[in-house]
Structures are given as C-alpha cells and as structure tokens.
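Enquirer: Below you will find the structure I want to go over with you.
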Amino acid sequence: MRYPPVRLRALGAVGCVAALAALAACSSGGSNGSSSSNSNSGTVTVAVVSNPLITGQMIPLTTSNFEKQYPGIKVKFATYTEGDLRAAIEKNVSTHSNAFNVVMIGPYETPLFAKNGWLTNLSKQYIASDPGYDAADLLPPIGKALSYKGDLYAVPFYGESSMMFYNKTLFQQAGLTMPHNPTWAQVESFAAKLNQPGKVSGICLRGLAGWGDNMAALDTVVNTFGGQWFDMNWKPQLTSPPFVEATNFYVNLVRKYGEPGAANDSFNQLLTLYGQGKCAMWYDATVAATSIATTYPDVYKQTGYALAPVNKTKSSGWLWTWALGIPQGASDSGAAWKFVSWATSKQYDSLVAQKYGWSAVPPGTRTSLYSNPDYKKAAAPFADITLESINSTDPEHPTLNPVPYTGIQYVVIPQFESLGLTVGQQVAGAIAGTESVSQALQAGQSAASQYTPAQLSGSG
Amino acid sequence: MTLLEDLAPPPEVEVKPRAVSRRERWQLRLPLLPALIYTIVVTQIPFLVTLWYSFQSYFWNTPAPAHFNGLANYKTVFTNPAFRGSLVRSVVMTVTAVIVAMILGVFFAVLLDRKFLGRSVVRTLMITPFLVMPVAAALVWAGPMLDPQFGLVNYLLQPFGVHHVAWLSTHALGSVILVMIWQWTPFMMLIVLAGLQSQPSDTLEAAKVDGAGAFATFRELTFPHLRPYIELGVLLGSIYLVNTFDAVKAMTQGGPGTSTTNLPYYLYQQVNNAFDIGGAAATGVVTVILTIIVATFALRMFARVFQFEEA
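Quick look at the structure:
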C-alpha cells in the first residue's frame with residue numbers, strides 16, 4: 001500500500017537520471033550556443049588534426065618561435081583526430097560559436113564552407129595586401145582545391161597525393177621489381193609473393209571506417225577501375241559492376257595479403273606497422289614519406305616509391321591538403337591571419353629545416369620547395385615523385401566516365417560526410433569478414449538512395 | 461534518498477502529526493532547494509531543448525536554418541534499422557557484461573572472504589581494474605593487450621596454437637564486452653564481499669553443526685543472504701554499463717561495420733558524423749522513454765531489495 005508514492009517519486013527521479021544520461025550522449029546537441037568567443041584580444045585558437053607534422057612540429061615551433069616573434073599573440077591549440085576534428089569544426093562554423101578563429105580543413109570542406117559563407121575570403125581580405133605571402137607559389141592543384149570562385153578560402157599547411165611505398169630489400173630478395181607506374185594487378189601479384197603471414201604482410205591498406213580513412217584509399221581504386229559514386233543524373237552507382245569489382249578487389253587484397261586487423265587501421269597505425277618493417281608494400285598518403293624519413297631511419301633507407309597503382313585510368317592518386325582557414329566573423333582575425341600566414345609560409349619551411357632538417361619540411365604545398373637545392377638533396381628519394389603525384393591529380397575530372405561532382409577520394413556534397421561514413425563502415429565490415437562485399441555495397445547503395453537527386457545536386 | 465524517506469514513517473501509526481506551519485515547511489525544504497534547482501537546470505531544461513530539437517529538421521552541415529518538420533525524425537528513428545541494431549547491441553552488451561561480471565564477482569568474493577596470508581594485497585590488486593579510468597583501460601586493451609601483431613594476449617596464447625588473431629576485427633563485440641567485464645567484476649566482487657562479511661557467523665556454525673556441506677551451506681544460507689546484494693550490484697552495474705561509450709570509442713569506434721555500435725555511440729555518430737541534430741534529439745528522446753520504462757521496473761525491484769534488507 002505504500003507503493004504508489006514510491007513509484008511516482010521514483011519515476012520522477014528516474015526521469016531526471018534518464019534525461020541526464022541522454023544529455024550526456026548528445027550534450028553537443030544542446031549546448032552549442034553558449035560557447036564563448038575570445039574576449040582577450042590577440043588570442044588565436046586553432047583546431048588542428050593530430051598528425052605528426054602538426055603535433056611534432058607546428059605546435060612546438062609556435063611556442064618557440066611565433067609567440068616570441070609576436071609577443072602580443074597567444075596561440076592555443078585544440079588537437080583532434082581526423083573524425084573528431086571535422087565534427088568540432090562543423091559545429092563551430094555552422095553555429096557561428098567562434099570557439100576557434102583558425103580551423104584546419106581540407107579541399108572537401110573549403111568549397112562547401114565558402115559557399116555557405118562560413119569562411120573568410122583570404123585572397124581578398126589578406127593575400128592581396130600581403131605581397132610577401134606569394135600565393136602564386138602554391139602548387140596549382142592544391143591552390144585550386146582550396147579555392148571557391150577563384151579565391152582562396154584556406155591556405156595549405158601540407159599537401160599530399162597517394163603513392164606506393166615498398167621495401168626494396170624484400171623486393172630484391174624475392175627477385176621482383178616495382179615499376180614506376182604499377183598496375184593494381186601487378187601489385188596483387190607482388191603482394192601474393194611477398195606475404196609471409198605472421199612476419200610481413202604483402203601489402204598494408206587502410207580498413208578503418210571513415211570517408212577520410214578506408215574510403216580514401218578505396219575511392220582511388222574505384223576511380224581507376226572505372227567506377228563512380230553517382231552518374232550524371234545523381235543516381236547512386238555503388239552496385240554498378242566497376243564499383244563492385246573494385247571493392248571486391250580491395251577487400252580481397254587486404255583480406256588475403258593485408259595486415260591482420262586491417263578494419264581498425266588507418267594512416268597512423270599503418271605508419272607504425274610500416275616503420276617496424278611489417279609491410280612489404282604500403283599504399284597511402286605521399287606525406288608518409290616525410291614521417292618515415294624522420295621517424296624510422298632504418299626503414300627509410302630500404303624504402304622505394306612508386307606512383308599510385310592504376311587499372312583503367314592513367315593516374316589514380318588522391319589529392320588532399322590540410323589547410324588553415326579563418327571562420328567568418330571570428331574574433332582577432334588579424335592575429336589569426338598572422339598565424340595562418342606564418343604557418344604556411346616559406347619562412348616556416350626554413351624554420352623546420354633548421355630545427356628538424358630539410359627532409360622534415362611539410363611537403364606538397366609550394367612549387368619553390370621543389371626547386372630548393374637543400375630540400376631536393378635531403379628529400380631526394382621522394383621529393384620528385386610527390387610532386388609528380390600531386391601534379392597528376394585532377395579533382396574536377398576524377399573518374400573514367402564523366403560525373404556531376406568534384407573530388408577524387410570524396411564527393412563535394414554536404415551529404416557525403418554521413419554517406420561516406422556509412423559506406424566506410426560497411427566496407428570495414430566486409431574487410432573484417434562480418435559481411436560480404438555485395439551486402440556491404442547493397443547497404444551503401446540504399447543509404448545513398450535516401451537522398452533525391454535534387455538534394456544531392458543542391459543548388460549548385 | 462527518496463527511498464529512505466518513503467520507508468521512514470510506518471503507516472500503521474495513527475497518531476496525527478503535529479501541524480507543521482507553512483514557514484516550518486519551507487525551513488525544511490530550503491536546504492534542499494539549491495540542489496533541486498541545480499538538478500532542474502542541468503537536466504530538465506536541456507531535456508526540453510532536446511525535445512524541441514527533435515521536432516526540427518536541423519543539420520549542422522547545411523546553412524539552412526532549423527525548421528519544424530513534425531514527426532519526421534521520430535518516423536526515421538522507428539524505421540531505421542541502425543537504431544534497432546544499436547538498441548539490440550546495447551542490450552546484449554549490458555546483459556552479458558553484467559551477468560558474467562556478477563558470476564565472476566561472486567566467485568572472487570567467496571575466495572577473498574577466507575583468511576589467508578597477504579589477503580589485503582590480493583584484495584587491492586583485484587579491485588584495481590575498477591579504479592582505472594574507462595578510457596585508459598580501453599586504450600590499454602586495444603593496444604598493448606589485443607593488438608594482432610604486438611599484443612600481449614596473442615603472445616600468451618601462442619603456445620596454444622593461436623596466431624595473430626585480430627581480436628578487434630574478428631571478435632569486436634566480444635572484445636568490448638571483455639573489457640566491460642574486466643572493469644566491472646571488481647565492483648560486483650566488492651558488493652558481494654560486503655554481503656558475505658555481514659553474514660552472521662553463528663548461522664554458518666549452526667549449519668556446520670547440522671552437518672551441511674560447503675556447497676549446501678552456500679546454496680541454502682549464503683546465497684539467499686547475498687540475494688539483495690547481487691540484485692543491487694546488477695542494478696547499479698546495468699545503469700552504468702548501458703551507457704558504455706569509452707570502450708566502444710577507444711577500441712573499435714563502433715566497428716567493424718556497425719558490429720559494436722551501441723546506443724550511446726550511435727547517438728554520438730548522429731551528431732558528430734551526420735550532424736543530424738534533429739534526428740539525434742529524436743533518438744535521445746526515444747532512448748529516454750525506453751530508459752524510464754526499464755528503470756521503473758528496475759526501481760520497483762530496488763525498493764523490494766531494501767524492504768528485504770529491513771525484514
């Protein structure tokens with residue numbers, strides 16, 4: 001008979017607990033408006049990705065040099081993994097909460113954000129009145145990828161394409177030669193011969209779900225196999241024969257000759273594996289060369305480089321750059337540009353060279369770096385092929401057949417962020433063996449089909 | 461605190477309480493008020509905001525402002541297989557982890573209840589997993605322990621013919637549950653141990669005199685005595701484990717595929733990867749309703765546990 005009050009009050013208490021739990025899970029959903037902007041003038045808050053060139057160089061050099069050079073400016077860093085960075089930045093710029101006055105973004109975000117009016121036009125606002133910056137020196141594909149209607153909205157910190165790294169010693173022992181421009185069929189046969197389960201994987205490939213993770217590598221394979229995400233009418237093509245063939249190829253390659261546990265591996269994990277001599281081949285970002293050279297000198301000596309493998313197209317490398325932009329309406333934007341221009345300048349390169357050696361300089365952004373004799377000497381094994389890889393990319397014509405979108409290893413539409421992750425999860429499932437490739441792509445196709453062509457094409 | 465309050469006045473007492481003046485009542489309430497207001501501000505107001513968002517189409521990655529779209533988000537929640545999948549996975553993870561942790565907890569508690577040399581050291585060691593930060597535990601398990609190439613688990617299992625198992629790919633759900641069990645067994649053990657140590661020794665002696673064996677004593681005396689403690693452990697464990705996020709995020713990021721995506725991680729992905737604020741809010745509201753239903757049953761049990769105690 002004492003139950004009713006208990007239950008009622010208890011229910012209230014549970015309601016509170018439950019609400020609290022739900023809020024914890026989606027706290028980022030409700031509390032975005034309250035983030036404060038920096039009132040302290042001269043404070044630059046930078047959201048960056050936790051890659052070696054940033055955590056190992058940019059952050060310490062900022063403290064030791066930039067802040068000494070500009071004592072009035074205080075720089076604060078917020079480091080995130082790639083996936084978390086996107087979420088943090090998207091939230092920040094779209095809600096205008098201005099928690100960051102410098103954001104690290106790439107060629108996927110830059111045109112979309114610029115179109116939405118979320119980024120400062122750097123060309124007009126700053127570069128035009130800052131002749132020392134020399135924007136004409138930026139590598140053409142990189143500069144183009146960071147532009148919207150001809151103006152730069154972000155400037156590159158480092159740039160990359162994709163290429164093949166391989167262990168020359170292992171190739172020699174097996175009597176194999178890697179051509180400069182290999183095909184995927186050749187790579188598969190090399191992987192079969194070089195794979196020694198438990199000791200060395202034939203090839204290391206990304207499997208971790210994410211459009212910037214496993215899908216980046218897979219998309220380049222899809223493109224060169226003649227596949228595409230959408231046809232000219234924005235009809236999803238994930239179950240079309242070339243897309244299926246490419247995905248089957250990739251998944252089988254990594255399941256048969258790839259590293260164990262591939263479904264959890266992306267750039268940083270593979271860098272460690274390769275650096276410890278566990279991979280005979282590794283297909284990944286060209287920028288890995290810089291990390292190998294600085295972190296794993298022994299493996300660096302044995303490393304050979306080849307262009308991204310192809311099938312039906314002439315080249316297949318991706319194009320990416322981690323670039324710095326300034327959100328529209330950010331506070332202290334003058335100080336923000338000082339930092340952005342410092343971190344992406346030629347002077348920054350010499351600073352890195354002084355401290356860490358020329359081979360450690362962030363690659364792939366400026367033409368002048370590739371004619372610098374010091375850099376050419378120090379980075380001789382990989383400088384030319386990096387430049388060649390980047391220059392052979394064309395994000396505006398990424399596929400064999402015409403497509404209505406731009407972007408090589410991504411599709412520049414807002415929906416791709418979610419779609420790419422969904423398909424990436426499915427592919428990771430196929431790599432782990434929890435589902436088949438056709439099931440995975442079927443699920444991807446239906447995820448893509450939930451958008452109408454009108455939604456996908458947007459207003460542009 | 462609700463419970464203690466409810467249990468305090470015996471209903472049979474017929475004496476009419478002294479009339480309490482309005483002022484006195486407020487004097488009694490006043491010290492509680494700050495806590496109450498704080499609770500309302502940090503739970504109920506955000507919940508109302510979430511409720512509001514759940515009827516909106518609001519995406520962070522498009523410049524379009526939020527607009528009312530009726531029940532569309534709720535329709536998506538109920539038709540979306542991803543939501544159902546993550547719900548089922550949440551249940552599987554919680555139930556398995558709680559049950560296994562409790563069985564192990566009882567086992568270890570019984571062992572630790574004996575007197576032996578170095579007992580306090582062993583007890584401290586056994587409790588340690590519960591004291592480790594969940595995310596640190598998950599990272600240690602994901603890296604040094606379960607890594608297919610460098611992991612300790614594979615190294616130790618090598619003599620038994622286990623070679624380079626990619627635990628986090630091929631046994632992802634099991635690996636995550638394993639870490640949950642590893643962390644929560646000590647908690648269960650502590651609660652059961654407290655129960656064991658509160659067991660009067662005279663009943664046990666009496667049982668011995670009556671000629672009951674160790675197993676019979678456990679089944680007939682110890683276990684019934686432990687029952688409320690076990691129920692309490694199960695209840696508290698379930699409340700915490702159903703919210704598991706750290707282990708999923710740090711070990712598998714919900715993958716491979718969606719094989720370890722539980723409800724909290726699914727919600728996180730809806731906000732952080734799809735930027736679908738309306739959809740995430742609707743999922744959150746549905747989750748709250750489901751939680752209230754489950755918790756009501758659980759709380760009834762909770763009340764019974766305490767009554768049991770009193771009797």
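Residue numbers (the working numbering), protein chains in the order written: chain A, 1 to 460; chain B, 461 to 771. Glycine included, every Cβ here is placed at the ideal spot set by N, Cα and C. These figures come from a predicted structure and were not determined experimentally.
1. Within a Cβ cutoff of 8 Å, which residues of the same chain sit near A:Gln450, ignoring the five residues on either side of it in sequence?
2. Do we get a CB-CB distance below 7 Å when we pair A:Leu456 with the residues of chain B?
3. Which partner residues of A:Met104 appear in the DSSP bridge assignment?
4. Excluding sequence positions up to five away, which residues of its chain have a Cβ less than 7 Å from the Cβ of A:Asn32?
5. Quick one: grab the DSSP three-state call for A:Tyr465.
6. What residue ranges within the stretch 649-714 of chain B form continuous alpha helix (DSSP H) runs of no fewer than 4 residues, ordered along the chain?
7. Might you give, ordered along the chain, the residues of its own chain that have their beta carbon closer than 7 Å to the beta carbon of A:Ala343, omitting 5 neighbours on each side?
8. Quick check on DSSP: helix, strand or coil for A:Ser206?
9. Determine whether the Cβ of A:Gly275 lies closer than 7 Å to any Cβ atom of chain B.
10. Have a look at B:Asn732 and B:Ile690 and give me their C-alpha separation to the nearest angstrom.
11. In angstroms with no decimal places, state the Cα-to-Cα distance between B:Val581 and B:Trp642.
12. Taking Cβ-Cβ distances shorter than 7 Å, what residues in chain B pair up with A:Glu90?
13. Any idea what DSSP makes of A:Lys193, helix, strand or coil?
14. Just mark B:Leu617 as buried or exposed, buried being the case when its beta carbon has 16 or more other beta carbons within 10 Å.
15. Unbroken alpha helix (DSSP H) runs of length 4 or more, entirely within the stretch 589-633 of chain B: which are they?
16. Check each candidate in A:Pro71, A:Val44, A:Ala216 and name the one with the smallest Cα separation from A:Phe77.
17. Pull up the distance between the alpha-carbon of B:Ile563 and that of B:Met648, whole angstroms please.
18. Starting from the C-beta of A:Val411, find all residues in its chain whose C-beta is less than 6 Å away, skip the five residues before and the five after it, and write them out in chain order.
19. Only counting the same chain, and skipping five residues up and downstream in sequence, which positions put a Cβ closer than 8 Å to that of B:Tyr728?
20. Tell me whether the beta-carbon of A:Pro363 lies closer than 7 Å to the beta-carbon of A:Val287.
21. Compute the beta-carbon to beta-carbon distance between A:Ala447 and A:Val251, rounded to the nearest angstrom, for a pair I have assumed lies under 8 Å.
22. In the structure shown, what three-state DSSP assignment does A:Trp282 receive?
23. For chain B, check one thing: does any of its Cβ atoms lie closer than 7 Å to the Cβ of A:Cys26?
24. Hey, B:Ala557 and B:Ile651: beta-carbon distance below 7 Å or not?
25. Are any of the Cβ atoms in chain A nearer than 7 Å to that of B:Asn732?
26. Return no unless some Cβ of chain A is closer than 7 Å to the Cβ of B:Gly717.
27. Reducing DSSP to helix, strand and coil, say where A:Ser34 ends up.
28. Mind checking A:Arg2: buried by the 16 CB within 10 Å criterion, or exposed?
29. For a cutoff of 7 Å on Cβ pairs, would you count A:Ser94 as touching chain B?
30. State the Cα-Cα distance for the pair A:Val437 and A:Leu421, rounded to the nearest angstrom.
31. What are the boundary residues of the beta strand (DSSP E) that A:Pro156 is part of?
32. Under 7 Å Cβ to Cβ from A:Val75, same chain only, skipping five residues before and after it: list those, please.
33. With a threshold of 16 other CB atoms inside 10 Å of the CB of A:Lys278, please say whether the residue is buried or exposed.
34. Name, going along the chain, the residues of the stretch 554-571 of chain B whose beta-carbon falls closer than 7 Å to a beta-carbon of chain A.
35. Opposite A:Asn167 in the DSSP bridges: which residues?
Expert: By the coordinates alone:
1. none
2. no
3. A:Leu324
4. Confidence at A:Asn32 is low in this model, with a pLDDT of 33, below 50, so the placement of that residue is unreliable and no value is reported for it.
5. As shown, chain A starts at 1 and ends at 460. That puts residue 465 of chain A outside it, with no answer to give.
6. 661-669, 674-677, 683-701, 706-711
7. Here the set comprises Met58, Phe157, Leu324.
8. Correcting the residue type first, residue 206 of chain A is Arg in the shown sequence and not Ser. Of the three classes helix, strand and coil, the one that applies to A:Arg206 here is coil, per DSSP.
9. No, no contact with chain B.
10. 38 Å
11. 19 Å
12. Taking the beta carbon of A:Glu90 as reference, the chain B residues within 7 Å of it are Trp520, Asn521, Phe735, listed in sequence order.
13. helix
14. exposed
15. 594-600, 612-617, 627-630
16. A:Val44
17. 9 Å
18. Trp229, Tyr405
19. Excluding its 5 nearest sequence neighbours in each direction, B:Tyr728 has C-beta neighbours in its own chain below 8 Å: Phe705, Lys709, listed in chain order.
20. yes
21. Not confirmed; about 18 Å, so no contact.
22. Note: A:Trp282 maps to strand in three-state DSSP.
23. Caution applies to A:Cys26, whose pLDDT of 38 falls short of 50 and renders its modelled position unreliable; the model cannot decide the point.
24. no
25. yes
26. yes
27. Confidence at A:Ser34 is low in this model, with a pLDDT of 30, below 50, so the placement of that residue is unreliable and no value is reported for it.
28. For A:Arg2, the pLDDT reaches just 39, beneath the cut-off of 50, and the residue's location in the model is therefore unreliable, leaving the point undetermined.
29. yes
30. 16 Å
31. 155-160
32. Around A:Val75: Val44, Val46, Thr62, Phe66, Glu67, Phe339.
33. buried
34. none
35. Partner(s): A:Thr303.
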